[in-house]
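For the record, the sequence lines run as chains A and B. Oh and the first sequence: position 252 is 252 in full-length UniProt numbering, straight run, nothing missing. Oh and the second sequence: position 150 is 150 in full-length UniProt numbering, straight run, nothing missing.
There are 2 protein chains.
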Amino acid sequence: MAPFLDRRDLRFQLFEVLDTARLPQRPRFAEQSRETYDDVLNVAYTVAERYFANHARAADLHEPQVVDGRVVLVPEAAAALRAFREAGFYAAHHDEALGGVQLPWVVMQAVMAHFQAANIGTAGYAFLTIGNANLQRVFASPEQQRRYMLPLIEGRWTGTMALSEPQAGSGLADITTSATPRPDGTYAIRGSKMWISGGEHELAENIVHLVLARIQGGPAGVRGISLFLVPRYRVTPDGAVGEDNHVVLAGLNHKMGYRGTTNTLLNFGEGGETIGELVGEPGQGLSQMFHMMNEARIGVGLGAVMLAQAGYQVSLAYARDRHQGRVPGTRDPQSPPVPIIRHADVRRLLLGQKAVVEGGLALCLYASALVDDVQTGPPEERTDTALLLDLLTPLVKSWPSRHAQDALSDAIQVMGGAGYTRDYPVEMYYRDNRLNPIHEGTEGIQGNDLLGRKLTQANGRGLALLAARMHADLDATSGVEAVREVRSAVALAQTQTHTALETLLGQAGTLDPEALLANANAALELLGTVVVGWMWLRQASVAARALEAARGDDVAFYRGKLQTARYYAAHELPKVRALADLLASVDRSTLDMQDGWF
Amino acid sequence: MAPFLDRRDLRFQLFEVLDTARLPQRPRFAEQSRETYDDVLNVAYTVAERYFANHARAADLHEPQVVDGRVVLVPEAAAALRAFREAGFYAAHHDEALGGVQLPWVVMQAVMAHFQAANIGTAGYAFLTIGNANLQRVFASPEQQRRYMLPLIEGRWTGTMALSEPQAGSGLADITTSATPRPDGTYAIRGSKMWISGGEHELAENIVHLVLARIQGGPAGVRGISLFLVPRYRVTPDGAVGEDNHVVLAGLNHKMGYRGTTNTLLNFGEGGETIGELVGEPGQGLSQMFHMMNEARIGVGLGAVMLAQAGYQVSLAYARDRHQGRVPGTRDPQSPPVPIIRHADVRRLLLGQKAVVEGGLALCLYASALVDDVQTGPPEERTDTALLLDLLTPLVKSWPSRHAQDALSDAIQVMGGAGYTRDYPVEMYYRDNRLNPIHEGTEGIQGNDLLGRKLTQANGRGLALLAARMHADLDATSGVEAVREVRSAVALAQTQTHTALETLLGQAGTLDPEALLANANAALELLGTVVVGWMWLRQASVAARALEAARGDDVAFYRGKLQTARYYAAHELPKVRALADLLASVDRSTLDMQDGWF
Chain A
1 MAPFLDRRDL
11 RFQLFEVLDT
21 ARLPQRPRFA
31 EQSRETYDDV
41 LNVAYTVAER
51 YFANHARAAD
61 LHEPQVVDGR
71 VVLVPEAAAA
81 LRAFREAGFY
91 AAHHDEALGG
101 VQLPWVVMQA
111 VMAHFQAANI
121 GTAGYAFLTI
131 GNANLQRVFA
141 SPEQQRRYML
151 PLIEGRWTGT
161 MALSEPQAGS
171 GLADITTSAT
181 PRPDGTYAIR
191 GSKMWISGGE
201 HELAENIVHL
211 VLARIQGGPA
221 GVRGISLFLV
231 PRYRVTPDGA
241 VGEDNHVVLA
251 GLNHKMGYRG
261 TTNTLLNFGE
271 GGETIGELVG
281 EPGQGLSQMF
291 HMMNEARIGV
301 GLGAVMLAQA
311 GYQVSLAYAR
321 DRHQGRVPGT
331 RDPQSPPVPI
341 IRHADVRRLL
351 LGQKAVVEGG
361 LALCLYASAL
371 VDDVQTGPPE
381 ERTDTALLLD
391 LLTPLVKSWP
401 SRHAQDALSD
411 AIQVMGGAGY
421 TRDYPVEMYY
431 RDNRLNPIHE
441 GTEGIQGNDL
451 LGRKLTQANG
461 RGLALLAARM
471 HADLDATSGV
481 EAVREVRSAV
491 ALAQTQTHTA
501 LETLLGQAGT
511 LDPEALLANA
521 NAALELLGTV
531 VVGWMWLRQA
541 SVAARALEAA
551 RGDDVAFYRG
561 KLQTARYYAA
571 HELPKVRALA
581 DLLASVDRST
591 LDMQDGWF
Chain B
1 MAPFLDRRDL
11 RFQLFEVLDT
21 ARLPQRPRFA
31 EQSRETYDDV
41 LNVAYTVAER
51 YFANHARAAD
61 LHEPQVVDGR
71 VVLVPEAAAA
81 LRAFREAGFY
91 AAHHDEALGG
101 VQLPWVVMQA
111 VMAHFQAANI
121 GTAGYAFLTI
131 GNANLQRVFA
141 SPEQQRRYML
151 PLIEGRWTGT
161 MALSEPQAGS
171 GLADITTSAT
181 PRPDGTYAIR
191 GSKMWISGGE
201 HELAENIVHL
211 VLARIQGGPA
221 GVRGISLFLV
231 PRYRVTPDGA
241 VGEDNHVVLA
251 GLNHKMGYRG
261 TTNTLLNFGE
271 GGETIGELVG
281 EPGQGLSQMF
291 HMMNEARIGV
301 GLGAVMLAQA
311 GYQVSLAYAR
321 DRHQGRVPGT
331 RDPQSPPVPI
341 IRHADVRRLL
351 LGQKAVVEGG
361 LALCLYASAL
371 VDDVQTGPPE
381 ERTDTALLLD
391 LLTPLVKSWP
401 SRHAQDALSD
411 AIQVMGGAGY
421 TRDYPVEMYY
431 RDNRLNPIHE
441 GTEGIQGNDL
451 LGRKLTQANG
461 RGLALLAARM
471 HADLDATSGV
481 EAVREVRSAV
491 ALAQTQTHTA
501 LETLLGQAGT
511 LDPEALLANA
521 NAALELLGTV
531 VVGWMWLRQA
541 SVAARALEAA
551 RGDDVAFYRG
561 KLQTARYYAA
571 HELPKVRALA
581 DLLASVDRST
591 LDMQDGWF
């Protein structure tokens, strides 16, 4: 069976491309070392393999069902989350005082990558629980943290985020769930929340929902939205699980994939009072929720990468094993069929996957390292780092999500009919990943976020910072022969992109906002493609350097990096020009299309 | 509920873009008229809506199962095929002497499009049966036709094609199924056939398999492959269903989609003798089978288009109905949410679908009309027409297959979370269509066919004929203001494509075959994109002309055509340049990649 994760590449990304091994120089990580991180990753691999990979297909075939009012999952899911908890991963990045080991976020994300690759559906519960606790860590009161956050960090309860409603999916400004003040300072929550992942199950004693709602009498639109901690079962003052809080399961959503993660419609305040506690100040709900959402967006990008990675491993093993046909030019029909990896078009399908998987992983870990830099990097750089992270977030969310889908399609294609059957997991990964361009902000939302907000905020400083970092790497590689073609392709694409964005954004004052944003999707694709090109230049330059002293399997590993970077430069980066031209021309073809003309 | 098929567009394609209404000028169709065709299409719509659309989801949820050795389908499938038969569609295109009405093939394909849109899984049985009979019509003896073909034309039995084997999927040269001569001139067939759609079921009294096998002692490779008629039950001299022919179901394949079409592993000669009859001469099997295969490839392209079309209709209806968010620049948060079709990015997702669906339909029907021209067009043009059809076939098979997948992804995206659930059919269409780039020749096979065979045969005359037809349409539209941008985008893309292909093919003599074919996939995408651009120019030019006298709903219809052509010109055709450059440079990045480097 193919391995579910390429451990060599993960270490390359963390320790050769990124400076993860130098993080212990920072006070927060002073007790740690490269060995600490290797140990943690080894535990993650073992737990993921034994307790998560074992039931990925079972969770797909037996999706959550309501039996006697309870949501029943495959039994392996509970065992998996128990193992995750016992390994200490819910707490790992938290302060020692909270039971954590202060693991850097980039290492934590590398840990999570194992579980996403092994079984994204079951990993979803852990992912949401960690995100929920992280939000509470920033915004909840000490008292709230004690009662609602600690059980999550201890892995005793799970968490969700409850934003969307049946009538308000992407349009969060229109949520109507209400919060009515109660005499004791808590609130009575009433309304329905849709698409709530992990919204109901029997995996834990309690579920803590982070709910967006409107305090009655508040302003319309987003300024009237506040954030509430709403447990499934009420929590007593000493933190014990109390009586029913009347959060009622109204239905399960039946999805194409990602089936192991229960997705629910929940009614709050049905059959009794649902009591919630306000987090922070009224009206801050959406910006508070974005703390969790931004983290989740990077997590979605990483999840997409890991699904594509798992599919790549399967299709690569198949391509080496399956014999079929002969290479062009073979004259003897009795010569034996070759492994299909010998066909150039199969190698194209594998290279395309490798480019997405390893380019995407580099991007997600780069962004995760920026999260550490914002928190523990040199204080004078943190504002800029945060701006760069803001700019990259929509790219990190969307580029892997959409390109993982292409990569997984290529994994199926390598395997032909076999890939289309349920005998192999690639069709499942393909169905699973199709959620990623939708949840935690659709592609449309990401495009508008990038072009309408991130590229213009702080006078475009985010883009300038990105360009400066790219130029630094271009400068550093200017003499390296092994990356010459890759370097010039990245440089050209970077210039084309920058020029197009400057041209477009230069008109921001005079264009009407609809025209400015009409091709936001192209901006997302354009900048994503260039940034991943940059990620490939970084990998190639490390590989070129390492190759000089490399021995054994490492030689092939580094040559593969160089060749994949060349592939990306020849096949992907040239797509930039058409996108850049489209943006710079402020094309109106979508804008001018009328409803009645469809 | 959204209609499963856009009847207005189908008639536009047949009667405004193509000259279908003039086919009755040809002797074979002399009894017919535009009204004949309209009547036939109306019957097709009614039958498809009532008997096929009704169980598309049921056939997906309850895939074929083996119960007591029999393959059990949802009961609606048998009723659907009965209705299809009673409407006379198995016979419609055949001679009157065979019970047909001599319907032109292009009209027959328009008929089939209804069933593919309504329920591609159940339509599959009819599709294969018609193709099987068409092959027999050309190559089988009169006696074989009487016993094995007529029951198919009468819709009493069904047919299959049985090419692949477990060890030989795309590599047909390596099939090992054997045919041993029997004293009476028939053959004993032994071996296993894999991926056989419709290979076993209870829908009909008998199943006629067209089987590729090797007569013992024949040459290796494709020259040793012969074609056999192999019934599931033996057929008595008077054509009745006789005893078991020992074609044994060894297993069902469980697929991601397309679940209504049973897909089987069959063992021939298990538990008794399987008797088959040779079709035509020994050693002609592969070229005979290509008669059915080429027809099937156009059918696959059309099936892909119709799945995308069905998905487009659903997502369009949703986009008009679902209210969410506000257009950029709206300041009042209390203004009501707009239908999501008001968002430019949603219109992009819809325009992208419309471009694929209607451009793809134009292409498939254009090719189908060429089939008629080869058979009934001016005799002196038939050789050229056949060459052009040969060239287009891999494009007709592959462009819609892959782009329908993107279109269906966009249909899901328009609908967000809803599109990802099984509450709507778009996720099913998406799963169904993923088969289309695989079966009847993978993308890799199509690319090699195009670049390694079709572009070079007859000294490249196919490409010259294509260019001449494109230039004729470019010339004819040179003064039409409404299509000016579209026309220049097509002209530019055509030039870039032609130049790149000439550059590449000019080196065919000196390049090694592997290098020549290394980027065959890019050639497929390149030429497909340009040809569909041409199809959009043709539609736009008809629309521009018709718009002058148009009234009522037609005005919006034609404006939609013009705007979609503009969209295609602005968003799709500019992708040609990067592909053309890649081909012309004879890029070696896939070729140079080594197995060990992955």
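Positions of the beta carbon are idealized from the N, C-alpha and C atoms, including for glycine. The structure presented is a predicted model; accordingly, all values stated were derived computationally and were not measured.
C-beta neighbour in chain A for residue i, strict 8 Å
{"i": "Ile130(B)", "result": "no"}
{"i": "Pro328(B)", "result": "yes"}
{"i": "Lys454(B)", "result": "no"}
{"i": "Asn433(B)", "result": "no"}
{"i": "Ile412(B)", "result": "yes"}
{"i": "Pro378(B)", "result": "no"}
{"i": "Trp195(B)", "result": "yes"}
Bridge partners - residue i, DSSP secondary structure assignment
{"i": "Asp244(B)", "result": "Tyr233(B)"}
{"i": "Thr180(B)", "result": "Ala188(B)"}
{"i": "Arg8(B)", "result": "In DSSP, Arg8(B) forms no bridge with anything."}
{"i": "Arg214(A)", "result": "Ser178(A) and Ile225(A)"}
{"i": "Thr385(A)", "result": "Thr385(A) is not bridged to any residue."}
{"i": "Ile196(B)", "result": "Thr264(B)"}
{"i": "His209(A)", "result": "Thr160(A) and Val230(A)"}
Cutoff 8 Å: residue i Cβ touching any chain B Cβ
{"i": "Tyr45(A)", "result": "no"}
{"i": "Ala489(A)", "result": "no"}
{"i": "His254(A)", "result": "yes"}
{"i": "His291(A)", "result": "no"}
{"i": "Leu286(A)", "result": "no"}
{"i": "Trp597(A)", "result": "yes"}
{"i": "Val213(A)", "result": "Here residue 213(A) turns out to be Ala, not Val, going by the sequence shown. Ala213(A) does not count as touching chain B."}
{"i": "Leu210(A)", "result": "no"}
{"i": "Ile438(A)", "result": "yes"}
{"i": "Glu143(A)", "result": "no"}
{"i": "Ser178(A)", "result": "no"}
{"i": "residue 652(A)", "result": "Residue 652(A) lies beyond the range of chain A shown here (1 to 598); nothing can be said about it."}
{"i": "Pro394(A)", "result": "no"}
{"i": "Lys397(A)", "result": "no"}
Of the residues the options, the one placed nearest residue i, counting alpha carbons only
{"i": "residue 667(B)", "options": "Arg182(B), Pro104(B) and Gly99(B)", "result": "Because chain B in this structure spans residues 1 to 598, residue 667(B) falls outside the shown range and cannot be described."}
{"i": "Met593(B)", "options": "Phe290(A), Leu349(A), Phe29(A) and Gly303(A)", "result": "Leu349(A)"}
{"i": "Met108(A)", "options": "Pro378(A), Leu392(A), Ile298(A) and Glu572(A)", "result": "Ile298(A)"}
{"i": "Ala117(A)", "options": "Met428(A), Thr176(A), Leu492(A) and Gly283(A)", "result": "Met428(A)"}
{"i": "Asp38(B)", "options": "Gly88(B), Leu18(B), Val111(B) and Tyr430(B)", "result": "Val111(B)"}
{"i": "Glu202(A)", "options": "Pro379(A), Leu73(A) and Arg50(A)", "result": "Leu73(A)"}
{"i": "Glu443(A)", "options": "Thr421(A), Ser398(A) and Arg487(A)", "result": "Ser398(A)"}
{"i": "Val40(B)", "options": "Ala91(B), Val480(B), Ala304(B) and Arg28(B)", "result": "Ala91(B)"}
Chain D contact for residue i (CB, 8 Å cutoff)
{"i": "Met535(B)", "result": "Absent from the structure is chain D; the protein chains it does hold are A and B."}
**Item:** 3-residue-minimum beta strand (DSSP E) runs that sit fully inside the segment 20-73 of chain B, ordered along the chain
**Value:** Within the segment 20-73 of chain B, the complete beta strand (DSSP E) segments of 3 residues or longer fall at 65-67 and 70-72, listed in chain order.
**Asked** Is there contact between the segment 312-327 of chain B and the segment 339-359 of chain B, where contact requires at least three CB pairs shorter than 8 Å?
**Response** As far as the Cβ criterion goes, the segment 312-327 of chain B touches the segment 339-359 of chain B, which means the pair count is three or higher.
**Message:** So, does the segment 516-530 of chain A touch the segment 444-454 of chain A, judging by three or more C-beta pairs under 8 Å?
**Reply:** Because the criterion of three Cβ pairs below 8 Å is met, the segment 516-530 of chain A and the segment 444-454 of chain A touch.
**Asked** Are the segment 251-260 of chain A and the segment 57-74 of chain A touching by the rule of at least three beta carbon pairs closer than 8 Å?
**Response** For the pair of segments examined, the segment 251-260 of chain A was found to touch the segment 57-74 of chain A: the number of CB pairs separated by less than 8 Å reaches three.
**Asked** Could you give the uninterrupted runs of the beta strand (DSSP E) lying entirely in the segment 254-288 of chain B, keeping only those of 3 residues or more?
**Response** The segment 254-288 of chain B contains, as complete beta strand (DSSP E) runs of 3+ residues, the segments 263-268 and 275-278 (chain order).
**Request:** Would you mind listing the alpha helix (DSSP H) stretches within the segment 451-528 of chain B that are 4+ residues and don't spill past its ends, in chain order?
**Result:** Listed in chain order, the alpha helix (DSSP H) runs fully inside the segment 451-528 of chain B are 457-476, 484-506 and 513-517, counting runs of at least 4 residues.
**Message:** With a threshold of 8 Å, are at least 3 pairs of Cβ atoms found where one atom belongs to the segment 414-425 of chain B and the other to the segment 405-413 of chain A?
**Reply:** Note that the segment 414-425 of chain B does not touch the segment 405-413 of chain A; fewer than 3 beta-carbon pairs, one per stretch, sit closer than 8 Å.
**Request:** Run through the segment 295-349 of chain B for me and flag every whole beta strand (DSSP E) of 3 or more residues, listed as ranges in chain order.
**Result:** Complete beta strand (DSSP E) runs here, min 3: none at all.
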